[in-house]
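> In terms of full-length UniProt numbering, the sequence shown opens at residue 1 and continues consecutively. Just so you know, even glycine gets a beta-carbon here, dropped at the ideal spot from N, CA and C. Treat the numbers as computed from the prediction; the structure is a model and nothing was measured. For reference, the structure I am asking about is given below.
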Amino acid sequence: MSTTERPRILIVGGGYVGLYAAMRILKKMRYGEATVTVVDPRSYMTYLPFLPEAAGGNVAPRNLVAPLRSALKKAEVLTGAVTGVDHARKVATIQPAAGDSYELSFDYLVVATGSVSRTFPIPGLAEHGIGMKTVEEAITLRNHVMAQLDKAESTTDEAIRRKALTFVVIGGGFAGIETIAEIEDMARDAAKIYKTVSRDDMRFIVVEAANRILPEMGPDLGLWTKEKLEERNIEIYIETSMDSCVDQHVVLKNGVEVDASTIVWTAGVKPNPVLNHFGLPLGPRGHVDTAATLQVQGFDYVWAAGDNAQVPDLAAGEGAWCPPNAQHAVRQAAVLGDNVVSGMRGFPQKEYKHKNLGAVAGLGLHKGVAILFGKVKLKGRLAWWFHRGYHGAMVPTMNRKVRVFTDWTLAMFLKRETVGLGEMEKPFAAFQEAAAPAPKPAAAAEPVKELATSK
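Shown next, in the form of structure tokens:
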């Protein structure tokens, strides 16, 4: 039977929900029962909790991504974007990575576009900010930080040196705290190979609008984390925000001003704005409005989950919504996959209900904080081991699990790699310079003849 004669399950997005839902559907589905098509602008899924470790050089970037075609051998994977959905005709418009757009028919639709960085119209942010939502951003941040140490070592201008060694992170949630902890840890290690740069020369700043950091951990663990980071000379300003960063001059609402060559933005996420073109009901913040079964309200052939969905949190009680985190996304994907297969077969839908298992955060090598089952609180090295054990087990595909644990094992015997590949941001610059036509040599000046004096 050709794929065109089978019902098509179209999955928009290849992140947590897209990948895990596709794997679940393929596992539950009978041979030839349907065609599973996954569409994503990237050909790989990124394990987001490892981005800070990648920025700190503790996980190789290729090991925190799972190639979609390798993980979903029985599915059809298209590299491109879904730019619109026509529900009356049940067709989606696909814009491939190259070539003209085309229409693709479907019978069942899974919306898993995820989220993007939530930003505000702060002067200078678009020009100088670095996000932490993709593996490319994490690696760029690592190379950028190392380049700043090189710059500081090589200049005699004190103002340039001070600016290069100042690092500001906006956002005190998991992404922000783990990021600044990892890059501070890396910079501290890297400073050992520099003759004129030390950790005392560096300045690290966290800016958080709320009244505490790591709110998911509770007030006591958040306070403990704040104290530990401050012991590492990381400045933490709460209940304030950034007003501007024009020309990398950071101005905070609390009056603090500083020149910083590194400005990292981790102040939350928002649903992917492409949802506005899908013809689905959206909540007040732009999320797809779903029932507890993960079906989109008013559509019996469309499901949504993860960061782009407004899913009722039955474990928390009426009126609560599941927070946008990896723990919920992975577990929602399993229920969603089962429900898609049940819907295709005419069986009842199952509601999603999951009690939070806790949270873990890494604060650099051998340092962490964790809360398990809402009761057990861990700090320091033990929490760090739980952090690594949990996320190492959750990385998709056995290939990536082995590679990640191999990275960690080698790091026990080898020093941290502190080389920065800053030229990767401009990989063709050297060749373009070499291939450019050589400038014509300047014409030689004619010799000046001395005038003979008459006698």
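Counting pairs of Cβ atoms below 8 Å between the region 163 to 178 and the region 195 to 215, do you hit three or more?
yes
> How is residue 157 classed by DSSP in three states: helix, strand or coil?
When secondary structure is reduced to three states using DSSP, residue 157 falls in the coil class, being assigned neither helix nor strand.
> In chain order, what residues of the same chain have a beta carbon less than 6 Å from the beta carbon of residue 235, not counting five sequence neighbours either side?
So the list reads 205, once near-sequence residues are dropped.
> I need the straight-line Cα distance from residue 226 to residue 317, nearest angstrom please.
Taking the straight line joining both Cα atoms gives about 31 Å.
> Can you grab the Cα-Cα spacing for the pair residue 146 / residue 427, in whole Å?
If you take the alpha carbons of residue 146 and residue 427, they lie about 17 Å apart.
> What does a CB cutoff of less than 8 Å around residue 356 pick up in its chain, not counting 5 residues either side in sequence?
315, 327 and 374
> For the region 165 to 197, list the beta strand (DSSP E) runs that are entirely contained and at least 3 residues long, ordered along the chain.
Listed in chain order, the beta strand (DSSP E) runs fully inside the region 165 to 197 are 166 to 170, counting runs of at least 3 residues.
> Taking the CB atoms as reference points, tell me whether residue 37 and residue 62 lie closer together than 7 Å.
no
> Check whether the region 262 to 269 touches the region 67 to 75, counting contact only when three or more Cβ pairs, one atom from each stretch, lie closer than 8 Å.
no
> Thinking residue 180 and residue 54 are a contact (beta carbons under 8 Å), I'd like their distance in whole angstroms, please.
14 Å between Cβ atoms; not a contact.
> Whole angstroms are fine: how far does the CA of residue 128 sit from the CA of residue 457?
Residue 457 lies beyond the range of the chain shown here (1 to 455); nothing can be said about it.
> Can you tell me which residues form a DSSP beta bridge with residue 44?
Note: residue 44 is bridge-paired with 67 in the DSSP secondary-structure output.
> When the Cα of residue 41 is compared with those of 12, 224 and 399, which residue comes out closest?
12
> Taking all protein chains shown into account, decide if residue 20 is buried (16 or more other Cβ within 10 angstroms of its Cβ) or exposed.
Answer is buried; the Cβ neighbour count reaches 16.
> With the cut-off set at 7 Å, would you say residue 240 and residue 253 are in Cβ contact?
yes
> Is the distance from the Cβ of residue 258 to the Cβ of residue 290 below 7 Å?
no
> Return the residue from the list 272, 377 and 49 that minimises the CA-CA distance to residue 219.
377
> Would you call residue 323 buried or exposed, if buried means 16 or more other Cβ atoms sit within 10 Å of its Cβ?
exposed
> Return the bridge partner residues of residue 489 from the DSSP annotation.
In the structure as shown, the chain begins at 1 and stops at 455. Residue 489 is therefore absent and cannot be evaluated.
> Between the alpha carbons of residue 404 and residue 60, how many angstroms are there, rounded?
About 8 Å.
> Measure the alpha-carbon distance for residue 28 versus residue 335 and round it to whole angstroms.
12 Å
> For the alpha helix (DSSP H) holding residue 403, just list the boundary residues, first then last.
398 to 411 is the extent of the alpha helix (DSSP H) around residue 403.
> Could you give the DSSP three-state label for residue 432: helix, strand or coil?
helix
> Helix or strand or just coil, what does DSSP make of residue 342?
helix
> How many Å lie between residue 64 and residue 143 at the Cα?
Going by C-alpha positions, residue 64 is about 17 Å away from residue 143.
> Using a threshold of 7 Å, state whether the C-beta atoms of residue 288 and residue 308 are closer than that.
yes
> Compute the Euclidean distance between the alpha carbons of residue 48 and residue 133, then round it to the nearest angstrom.
7 Å
> Would you kindly work out how many angstroms separate the C-alpha atoms of residue 395 and residue 102, rounded to a whole number?
34 Å
> Given 8 Å as the limit, is there contact between the region 383 to 401 and the region 113 to 129, that is, 3 or more CB pairs closer than that?
no
> Quick one: what's residue 242 bridged to in DSSP?
252
> Can you tell me where the alpha helix (DSSP H) holding residue 372 begins and where it ends?
Not the alpha helix (DSSP H): residue 372 falls in the beta strand (DSSP E), residues 368 to 372.
> Would you please state the rounded distance, in angstroms, between the beta carbons of residue 411 and residue 58? I believe it to be under 8 Å.
6 Å
> With DSSP as the reference, identify every bridge partner of residue 115, one or two as the case may be.
271
> Return the residue from the list 176, 342, 123 and 120 that minimises the CA-CA distance to residue 215.
176
> Since I believe residue 203 is in contact with residue 166 (beta carbons under 8 Å), could you give me their beta-carbon distance rounded to a whole number of angstroms?
5 Å
> Could you tell me which residues DSSP pairs with residue 96 in its beta bridges?
80
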